[in-house]
Structure formats: structure tokens, C-alpha cells
Amino acid sequence: MLFFTTLTHGLGSNDVGLDRGQIAEAKLVHFDRIGPKLLLVQPNQAFRADSGDPDQQLAVSQSFASSVLWGLKVVAVSGSRVLVDATDFVVRDGHGAAEALAKARHGKFKLNAKRSAIFLPGTKAFPRNTEMEATVTLTSEGDVPSQYVQDVTPTPTAITLNERYSSFVALPPLGYTPRVSVSGDGYFEIAYTDDAAPLGSPLVKHFITRQRLQKKDPGAAGQAHVSWTD
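Numbering (my numbering), first residue to last: 1286 to 1515.
Here it is as C-alpha cells:
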């Protein structure tokens, strides 16, 4: 699945940068169940083995660390399906607003769980994606917030934002053909190390970032919709 966060209610200051609609970098993730826990895992996409050889792929996966982003407690089981309590996962500063404020020297803040809650109007389930949103309050840890923060908040020591985990989005079906990036072509690109590349071949592979366009109605002329972005 794809996983990313969005600020649906921002701070209101361009100088600070926590703007409404700000989207964090998307992550490719999957769930692993281990006994009473469900782990949210981000595999390492920077190092791969494109050969298709399972032994080479296993060697690469064992050589480079993945990232477990969260652990969810299983509270009920029904066949192959599990129910988890995701409250702590949703009601947090997953977008990193407090960290952004501290790095830019606008003040030191931390999550105040007592003043935060799940935002139900922004929490919904759809066939191919799940959206979860929280009203998150960050409170000052003693120092005086910057003037930029003071100018846009009614009480500068308490910043309340809405963070949406937009959220778990199912990957599209197979059939996408990546396009190799050539130096000087002017495209934004993604790159990764292919540790199964044959001797004499480039170790790092480069592909352009582009949209996958398909006709919504195959029989109609000129109609297309975006189904995938690298």
C-alpha cells in the first residue's frame, strides 16, 4: 500500500510552512502480523535485486534495514482477519509538525494527548483506500513561540492542527512500464541500487517520475484518468 500524511487544517503562516493541504512524502508499506501484534513495515526501496532470483532478493533484504513505522495490538481475530486498535497510531503528530517548528526555531512543542482526538468527519473507509484524521494539539514546552506563530494563533502556546493519514491506498494492478531516465532529459527521477546488476552494468538505475494515464472509457477518444504516479 501507499501511506502518507496530509495537513487538512494548517497553521496559517507561509513563513512557518505548515500550510493547509501540505502532503508528506508517500511511503510504500505493508502489514506483518507477528502473534498479538500487527507491524506496519516500510521495506527498503533504495536497495533491490531486479534479477527475479529469490536468493539474490533475500540476500539484499537481509543486508539492508527496513523500517517498522508502528506496532498495532490485535484485539480480535476472525479467521484470517484481525481487528486492531489504531487510536494511538492516529492521534499523534505523525506529520512531524512539532519537529518542523523546532528545526525552524519557531518554538519547542510536543503532542498534548489530552487535547487531541480522532476527527470523525475525516475518518472514512473506501474500497481501495482508508482515511484517518485527527485533531492534534501541540503545546509549548516552556519557551516563547516565535512571532510568526504568535501572529496566527489565538493562544501561541497551543497549536491545534488536523493531520490526516491519507492513508492506506491500495496499489493499482500490474501493467505499468517504467521509463528509463537519461542524463540531461530534464525529468525528475527516482533512483535505486540494483545489487543483482550483471558485472559491467550500472549499479544504480534511474527512472523518470511520470503519471500512468489510461482511458477511463477505452472506446472514447481523448478521455484519460490518472491511475498511478511513480
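A virtual CB, placed ideally from N, CA and C, is assigned to each residue, including glycine. The model shown is predicted, which means the values in this text are computed figures rather than measured ones.
Residue i burial status per 10 Å Cβ neighbour count (16 or more: buried)
i, result
"Ile1444", "buried"
"Ala1506", "exposed"
"Val1467", "exposed"
"Gly1469", "exposed"
"Val1314", "buried"
"Leu1459", "exposed"
"Val1376", "buried"
"Val1434", "buried"
"Asp1378", "buried"
"Thr1494", "exposed"
"Val1334", "Checking the sequence shown, residue 1334 turns out to be Ala, not Val. Flag for Ala1334 reads buried."
"Ser1363", "exposed"
"Phe1404", "buried"
Contacting residues, own chain, Cβ-Cβ under 8 Å from residue i (five flanking each side not counted)
i, result
"Gly1407", "Thr1293, Glu1416, Met1417, Glu1418, Asn1447, Arg1449"
"Val1369", "Leu1323, Leu1357, Lys1358, Val1359, Val1360"
"Ser1298", "Tyr1433, Val1434, Asp1436, Val1437"
"Ser1348", "Phe1332, Asp1480"
Residue j beta carbon less than 8 Å from that of residue i
i, j, result
"Val1429", "Ser1401", "no"
"Ser1431", "Gly1381", "no"
"Leu1354", "Leu1386", "no"
"Ala1481", "Ser1346", "no"
"Phe1453", "Asn1397", "no"
"Ala1383", "Val1301", "no"
"Thr1424", "Thr1442", "yes"
"Leu1296", "Ala1311", "no"
Contact set for residue i: own chain, Cβ-Cβ below 7 Å, skip 5 residues either direction
i, result
"Lys1490", "Ala1476, Tyr1477, Asp1479"
"Phe1411", "none"
"Leu1488", "Thr1478, Asp1479, Ala1482"
"Ala1350", "Asn1329"
Any C-beta of chain B under 8 Å from that of residue i
i, result
"Glu1448", "You won't find chain B in this structure, because it holds only one protein chain."
Residues of its chain near residue i, where Cβ-Cβ distance is below 6 Å and the 5 sequence neighbours each way are ignored
i, result
"Leu1241", "Examination of residue 1241 is not possible in this model, given that the chain is present from 1286 through 1515 alone."
"Ser1352", "Gln1327"
Could you check whether the segment 1468-1477 touches the segment 1328-1341, counting it as contact only if at least three pairs of C-beta atoms, one from each stretch, sit closer than 8 Å? Short answer: they touch.
Fully enclosed by the segment 1425-1499, which alpha helix (DSSP H) runs are 4 residues long or longer? Taking only runs of at least 4 residues, the alpha helix (DSSP H) segments lying wholly in the segment 1425-1499 are 1432-1437.
Where are the beta strand (DSSP E) runs, 3 residues long or more, that stay fully inside the segment 1341-1411, in chain order? Complete beta strand (DSSP E) runs here, min 3: 1352-1363, 1366-1369, 1394-1396.
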